[in-house]
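Student: So the sequences go chain by chain: D and Z.
Residue numbers for the first sequence follow the numbering used here, so the first one is 83 and each next one is one higher.
Residue numbers for the second sequence follow the numbering used here, so the first one is 24 and each next one is one higher.
Handing you a structure now.
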Amino acid sequence: MPEFITSILLAILTALSLVASTVAAVRLRKDDTSGVLRRLQHALLGICVTGTGLLFVYRTIYVPPQVWQPLGSHVDGLLLIATLFAAAVLFVQRASVQGLTAFALPLLTILLAWSICASAWTYEPFKIESVWTKAHKAGVYLGSLFFCIAAAAGMMYLYIQRRLQRHQRPGPGQHLASLEATEQLIIRTTTLGFALLTFGLVCGLILVVDTPHTSLGPTWWLSPKVILAALVWLIYAIVMNVRFATAFRGTRAAWLSIVGVILIMAIFGVVNTLSDEDEDQPQFVDNKKIEVDAWRH
Amino acid sequence: MAALSLLMVGINHRTAPLELRERLTLNEQARDEFYRVLAQHLGQTECILLSTCNRTEIYLSHPDQSQAPAGTDSLPDHHDDVQLLVKLLGQISNLDMDCLLPAIIVNEGEQAVAHLFRVACGLDSMVLGEAQILGQVKRAYEVAQQRKTVGAVLHVLFQRAIGTAKSARTDTGMARGRISVGSVAVDFARQIFERFDDKTVVAIGAGEVAKLTLRHLSTLQPARLLITNRSLSRANALLEQLALTPEKGEVRSFDQLEEMLLAADVVIASTSADQPLITPQQIKPLLRRRRHRPLVIIDLALPRNVDPAVHSLPDVYLYNLDDLQSVISETFQYREQQIKQCTEILNRSVVLCMHEFENRDIGQVIRALRQKLHALGYDEQKRTTRKIASANPQDIDRIIQEHSRRLINKILHLPLATLDRQNRLGSDDSTAEDYTRTLWQLFDLDDHKTKDHEIYSIKRKQGGKHIDVSVIPSKSDTPASSVDSG
């Protein structure tokens, strides 16, 4: 029953987020002198943030404690990211980077839609046995959260820059932050995300090396998951150093932050696709279908 | 009533692209040449040239046509004037007539008045409601005054336009808000940079435009302001006006332009140079040395100081005057209410101004009449004084009575003789009747009053063509006599 309710609520939240994204897109193109669109966008975003938060609490309360734990299943992990992402975007928008929600809302929609898929596929919890697994998941999920913010800021940067190069005022219907502020947000969130991702990957590495029979097999370093994860890490390593490598600032940093998030999603897709074919999963117990997330632990 | 002889010929940002306006922006030397050539062709014609970056307009008024006799209500024919002015503009700017003619706008009479009022108020500006244009209108008027090309018509017109623009801007709130060219340019810079306390601003040129823009920019408190200008004394004067400390502001020689471009985050170019001062060839080698920091260049000059190709360079954002067009359209929506109020004020002022022009003709008549009567009075006074000097005391009263009679007869001789002649000669006596009616009205020749005051009486023979005009003396005066010149 909680799974069904979760799926229904996720579908509603995704639809609301989609509508809010559309309203935000209209506001970027059209002057909103009456303020109706602004109020509508804010109301929808408020509902989305509150809704994801309440759903997260609902799952905390109604899903049996022995099964549920934070980041215990992929749907909970995504729900946590979505909630934190929406809240963080709201905070950042109020603090320094105005107009960020317009670019974050499509990403929020994708995260929620992804949660629906995850909820339909795998409600079973992860088998979290060691502290390395917990650290790995926490690092990777929170790292992904910051990368999502960086990607939203990257999209915003490219949009503002394009408007300015065409000698148009960015966002006729709303005030958007300056290029400089947006670039700073990309750099900061990418730096934080990179630190968390590095931490998560190192923990994952230790886990793989320490565990004799992993789902990745003996040649784990050749598995698509590890290769893609290394590639993402490398991209972010470049992005976070753009301040020092002058050729990689501004537009390039914005593009790389977007490409990085796309790759993270690709890793999830690849790992999920390959999961059924992956035969050796000795470390996961029970006969249940074991949830497979982007990081597969 | 005489028709107002007023003509406006020119181009503006609505009719001419930037390239054409660039060519038609007349510097001081070209303005001198224009006034000189125009004086050769049109002599005493009143003329004011308004040349800004967004418009080149010539206001013209023929004094002789403005004093056209009553009854000529149609507008004076300005076809030759328009041709001459267009030809002159073409010559000065080395432009082909085919290029120029489609962009030319012509306004006459009341339309020209309304146009100037809108221009002065900033309603016709590229940046709607901007204040800069009012100063430029004033300056154009002052320059024309110095050249003695301003007469009765253009004096009234420009005085009223400037006064109305001032009050309309204040009353409607148009004067408030960030709507000058400089402020819009600064808004673009703010869209690129979040903070300015670590930024360097370079101003190339120290004129009025630079001053206004830097005033806006100085509110953002940039770390450093470097000013370069052909005349360093003018640059120093600008620095003083901006009240910047030596650490914050500095005047540099123009030779150091490359060094300044290297340090600059924002460049404001507003010189009157004919050729671009900043080219892609200059900027390109600097990009790497600048570590790809964004560079905002605001080119407020016309002709442009920055080669448009600079915009295609990475990390460079170039904005010129035409780029402000998009902002103006947005501003227009926000200021719709203010514009409506302002237009109403301007329309009322145009009506008042036209009324003033009409009254100006009456005023001239009154002045001429007064002068003529005073001259008559003076002649009679001299004659009477001479007579009194050699007269016996008992003759003094008679001499004074004679003085009055002669003076009145002299005053009335010409109008009444004209009235009589019209009555005798014309088969159609409508003119005579008009004159008669006017006299009745002007001198308040009511029968009752005439008896009471016993001054004049104009007897009109009813049913006949002849009007016998006689002067009825007072009781103490001599009997009626026919009018003569005395």
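Cβ coordinates follow ideal geometry from the N, Cα and C atoms, glycine included.
1) In the DSSP assignment, what are the bridge partners of leucine 30 of chain Z?
2) Helix, strand or coil: which one does DSSP assign to serine 276 of chain Z?
3) Figure out for me which residue from Z/Val105, Z/Ile411, Z/Gly66 has the closest Cα to the Cα of isoleucine 34 of chain Z.
4) Apply the 10 Å Cβ neighbour rule to glycine 383 of chain D and answer buried if 16 or more other Cβ atoms are within range, or exposed otherwise.
5) Taking Cβ positions only, does glutamine 304 of chain Z come closer than 8 Å to chain D?
6) Among Z/Leu325, Z/Ala296, Z/Arg327, Z/Asp338, which residue has its Cα nearest to the Cα of proline 308 of chain Z?
7) What ranges does the alpha helix (DSSP H) occupy inside the segment 155 to 186 of chain D, keeping only unbroken runs of at least 4 residues that lie completely in it?
8) Out of curiosity, what's the CA-to-CA distance linking leucine 130 of chain Z and arginine 316 of chain Z?
9) Does any C-beta atom of chain D lie closer than 8 Å to the C-beta of histidine 315 of chain Z?
10) With 16 as the cutoff for other CB atoms within 10 Å, does alanine 168 of chain D come out buried or exposed?
11) For the segment 168 to 194 of chain D, which residues have a CB atom closer than 7 Å to at least one CB atom of chain Z, in sequence order?
12) Using 8 Å as the limit for Cβ to Cβ distance, is arginine 331 of chain D near chain B?
13) Would phenylalanine 216 of chain Z count as contacting chain D if we go by Cβ distances under 8 Å?
14) According to DSSP, simplified to helix, strand and coil, what is aspartate 322 of chain Z?
15) Shortest alpha-carbon distance to tryptophan 337 of chain D belongs to which of D/Gln243, D/Glu85, D/His124, D/Gly135?
16) Are the CB atoms of glycine 282 of chain D and glycine 221 of chain D within a distance shorter than 8 Å?
17) May I have the straight-line CA-CA distance separating valine 32 of chain Z from isoleucine 128 of chain Z, to the nearest angstrom?
18) Verify whether the separation of the beta carbon atoms of leucine 182 of chain D and valine 131 of chain D is less than 8 Å.
19) For threonine 223 of chain Z versus alanine 246 of chain Z, is the C-beta spacing smaller than 8 Å?
20) In chain order, what residues of the same chain have a beta carbon less than 7 Å from the beta carbon of alanine 102 of chain D, not counting five sequence neighbours either side?
21) With a threshold of 8 Å, are at least 3 pairs of Cβ atoms found where one atom belongs to the segment 239 to 255 of chain Z and the other to the segment 271 to 282 of chain Z?
22) If you count every other CB in all the chains shown that lies within 10 Å of the CB of alanine 386 of chain Z, and 16 or more means buried, which is it?
23) Quick check: is the beta carbon of histidine 124 of chain D nearer than 8 Å to any beta carbon in chain Z?
24) In chain order, what residues of the same chain lie with their CB nearer than 7 Å to the CB of leucine 123 of chain Z, ignoring the 5 residues before and after it?
25) If the cut-off is 8 Å on Cβ atoms, which residues from the segment 253 to 276 of chain D count as contacting chain Z, listed in chain order?
26) Taking a cut of 8 Å between CB atoms, which residues from the segment 226 to 257 of chain D lie near chain Z?
27) Spatial neighbours of aspartate 147 of chain Z within its chain, please: CB distance less than 6 Å, with the 5 preceding and 5 following residues excluded, ordered by chain position.
28) Tell me which residues share the same chain as alanine 164 of chain D and place their Cβ nearer than 7 Å to its Cβ, disregarding the 5 neighbours each side in the sequence.
29) Thinking C-beta only, is threonine 264 of chain D closer than 8 Å to valine 179 of chain D?
30) Consult DSSP for glutamate 69 of chain Z and reduce its assignment to one of helix, strand or coil.
31) Three or more beta-carbon pairs under 8 Å between the segment 223 to 241 of chain Z and the segment 292 to 303 of chain Z, yes or no?
32) Name the one or two DSSP bridge partners that serine 74 of chain Z has.
33) Taking Cβ positions only, does aspartate 221 of chain Z come closer than 8 Å to chain D?
34) So, does the CB of arginine 44 of chain Z fall closer than 8 Å to a CB anywhere in chain D?
35) State the beta-bridge partners of isoleucine 301 of chain Z as determined by DSSP.
36) Comparing alpha-carbon positions, which option in Z/Arg428, Z/Phe380, Z/Ala412, Z/Leu462 lies nearest glycine 9 of chain Z?
Tutor: Well, looking at it:
1) Z/Leu83, Z/Glu131
2) coil
3) Z/Val105
4) Any answer about residue 383 of chain D is impossible in this case: the structure gives chain D only from 83 up to 379.
5) no
6) Z/Asp338
7) 156 to 177
8) According to the sequence as given, residue 130 of chain Z is asparagine; it is not leucine. Looking at the two C-alpha atoms, the distance is approximately 49 Å.
9) yes
10) buried
11) none
12) Of the protein chains in the structure, D and Z, none is chain B.
13) yes
14) strand
15) D/Gln243
16) yes
17) 6 Å
18) no
19) yes
20) Gln123, Leu126, Leu127, Cys130, Leu187
21) yes
22) Note that residue 386 of chain Z is glycine in the sequence shown here, rather than alanine. Looking at its Cβ environment, which holds fewer than 16 other Cβ atoms inside 10 Å, glycine 386 of chain Z is exposed.
23) no
24) Val109, Leu112, Gly113
25) Pro254, Leu258, Ala259, Ser260, Leu261, Glu262, Ala263, Gln266
26) Ile242, Leu246, Gln247, His249, Gln250, Arg251, Pro252, Pro254
27) Arg141
28) Thr134, Leu190, Leu193, Leu194, Ser197
29) yes
30) strand
31) yes
32) Z/Thr79
33) no
34) no
35) Z/Val329
36) There is simply no residue 9 of chain Z to check, as chain Z begins at 24 and stops at 509 in what is shown.
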